[in-house]
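K.L.:
Below are the structure tokens for one structure; questions will follow.
In our numbering, the protein residues as written are 2 to 159.
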């Protein structure tokens, strides 16, 4: 049986056109935004409403799951982020598990899903060290769309 893959992508300094062409190249049908706050002052084309409208025209569904899968969860807003940067603790939160369940349900239905964040290098992002690692440990494949637009198979942290 073929294992379904979760894709990950960061927009970084990509143009919107290049970003969308990569989603189309890998036949992504659902883009899950895992930024805690779906906003970029420097890349407004990637703000929630802008990218949602653009993707709609390309028949790609946009879903924001930053509250569930974001790297800086709202429940710790008043805590210094460095102190909370404990992914083991985060992985046990109800909110996070709901986000993982959403991804797994999509993968079970053979949906082509990519999770998106702003960091171009997946190794420097929670989509690699938190979400990608967790999904991989649950038996799913994870493919990172790297800075060159090529696929890199997820390699575990340990």
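Note that the Cβ used here is the ideal one computed from N, Cα and C, for glycine as well. This structure is a prediction, so every number in the text was calculated from the model and none was measured.
Got a sec, what are the start and stop residues for the alpha helix (DSSP H) residue 97 sits in?
P.N.:
Start and end: 95-109.
K.L.:
For residue 89 and residue 97, what's the separation of their Cα atoms in angstroms?
P.N.:
Their Cα atoms are separated by approximately 11 Å.
K.L.:
Among the residues of its own chain, which have a CB less than 6 Å from the CB of residue 118, if the five just before and after it don't count?
P.N.:
11, 35, 36, 126 and 128
K.L.:
When the Cα of residue 38 is compared with those of 66, 24, 22 and 60, which residue comes out closest?
P.N.:
66
K.L.:
Could you round the C-beta distance between residue 116 and residue 132 to whole angstroms and report it? I think they count as a contact, below 8 Å.
P.N.:
6 Å between Cβ atoms; contact.
K.L.:
When DSSP builds the beta bridges, which residues end up paired with residue 155?
P.N.:
Here residue 155 is not bridged, per DSSP, to any residue.
K.L.:
Going along the chain, which residues of its own chain have a beta-carbon closer than 8 Å to the beta-carbon of residue 40, five neighbours each way excluded?
P.N.:
48 and 49
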